[in-house]
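Student: In the numbering used here, the protein residues as written are 48 to 252.
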């Protein structure tokens, strides 16, 4: 009888890492979306970063829909508590799905591969994808809100440009904190624990 071939083991289970990523992203969205919890009011909103990071690591459409539904649940709950459903839940609200989809897709295609690509290339790839996707997501959500919410019926292009200049930088500066943190953790794991988080799952259509 042939002895069973011993499979190599790693210090950390890739599946457990993915579960940890999922739970941490859910926590970040709940804790920072709209700063409904005063304890975390100093942290930038993690909502868009959550979709970008989910695209990189979870790589599963089910995770996209989970976080999208979670974002809606948080907004509805917060609006109900404050009694202000009309402030952000307008006819333009569904456009957020496209905004988040851009972030998820960018993260999916910009995933890092420390084994096959240089560190510099991975950082440049993620940085480029993050800035472009965040910009597109901003103009989708921001533009649809100003165009279709009904709250700015007489807003001129000059006034809109001024408002864009005020909030545009935040659209990609907010996610940077979380994405950089995720990249540093991933690099550390891949180098010192010999586990590639991004290579543990297959894409689902």
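In this text, a Cβ means the ideal position worked out from N, Cα and C, and glycines have one as well.
Quantities reported herein were computed from a predicted structural model and do not represent experimental measurements.
Work out the CA separation of residue 172 and residue 187 for me, nearest whole Å.
Tutor: Along the chain shown, read from residue 1 onward, the residue named residue 187 stands at position 140. Along the chain shown, read from residue 1 onward, the residue named residue 172 stands at position 125. Across the structure, residue 187 and residue 172 are spaced so that their CA atoms are roughly 22 Å apart.
Student: Please name the residue, chosen from 162, 163, 118 and 157, that lies closest to residue 147 on a Cα-to-Cα basis.
Tutor: Walking along the chain shown from the start, residue 147 turns up at place 100. Of 162, 163, 118 and 157, the residue nearest in Cα terms is 118.
Student: Measuring straight from C-alpha to C-alpha, what distance separates residue 66 and residue 102?
Tutor: Indexing the chain shown from 1 puts residue 66 at position 19. Indexing the chain shown from 1 puts residue 102 at position 55. Each residue's alpha carbon lies about 14 Å from the other.
Student: Comparing C-alpha positions only, which one of 127, 236, 91 and 124 sits nearest to residue 219?
Tutor: Here residue 219 refers to the residue found at position 172 when the chain shown is read from its first residue. The shortest C-alpha separation from residue 219 is found at 91.
Student: Consider the C-beta atom of residue 148 and the heavy atoms of the ligand ADP; say whether any pair is separated by less than 7 Å.
Tutor: With respect to small molecules bound, the structure shown includes none, and the ligand ADP cannot be examined in it.
Student: Could you tell me the alpha carbon to alpha carbon distance between residue 227 and residue 126, rounded to whole angstroms?
Tutor: Numbered from its first residue, the chain shown carries residue 227 at position 180. Numbered from its first residue, the chain shown carries residue 126 at position 79. Answer to the nearest angstrom: the Cα atoms are 31 Å apart.
Student: My understanding is that residue 94 touches residue 106, with C-beta atoms under 8 Å, so please give their C-beta distance in whole angstroms.
Tutor: Here residue 94 is taken as the residue at index 47 of the chain shown, counted from 1. Here residue 106 is taken as the residue at index 59 of the chain shown, counted from 1. Not quite, the Cβ-Cβ distance comes to about 19 Å (not below 8 Å), so this is no contact.
Student: Give the list of continuous alpha helix (DSSP H) stretches no shorter than 4 residues that lie fully inside the region 75-120.
Tutor: 94-104
Student: If we count the other Cβ atoms within 10 Å of its Cβ and call it buried at 16 or more, is residue 230 buried or exposed?
Tutor: Position 183 of the chain shown, counted from the first residue, corresponds to residue 230. Classification for residue 230: buried.
Student: I'd like the list of long-range same chain contacts for residue 97, defined as Cβ closer than 7 Å, with 5 residues on each side in sequence excluded.
Tutor: Within the chain shown, the letter at position 50 stands for residue 97. 72, 75, 76 and 114, listed in sequence order.
Student: Roughly how many whole angstroms lie between the Cα atoms of residue 209 and residue 189?
Tutor: Against the chain shown, residue 209 aligns to sequence position 162. Against the chain shown, residue 189 aligns to sequence position 142. Looking at the two C-alpha atoms, the distance is approximately 13 Å.
Student: Hey, out of 184, 69 and 225, whose CA is closest to residue 141's CA?
Tutor: In the chain shown, counting from the first residue as 1, residue 141 sits at position 94. The option with the nearest alpha carbon to residue 141 is 184.
Student: Can you name the start and end residues of the alpha helix (DSSP H) that residue 147 belongs to?
Tutor: Along the chain shown, one-based indexing puts residue 147 at 100. Start and end: 142-156.
Student: So what does DSSP say about residue 162, is it helix, strand or coil?
Tutor: As a first step, residue 162 is located in the chain shown; it is residue number 115 there, counting from the start. DSSP places residue 162 in coil when its eight states are reduced to three.
Student: Evaluate residue 239 with the Cβ neighbour count: other Cβ atoms within 10 Å of its Cβ, from every protein chain shown; 16 or more gives buried, anything less gives exposed.
Tutor: The count along the chain shown starts at 1 and reaches residue 239 at position 192. Its Cβ having fewer than 16 others within 10 Å, residue 239 is exposed.
Student: Residue 212: buried (16+ other C-beta within 10 angstroms of its C-beta) or exposed?
Tutor: Indexing the chain shown from 1 puts residue 212 at position 165. Label assigned to residue 212: exposed.
Student: Is DSSP giving residue 228 helix, strand or coil here?
Tutor: On the chain shown, position 181 is the one that residue 228 refers to. Three-state DSSP puts residue 228 in a helix.
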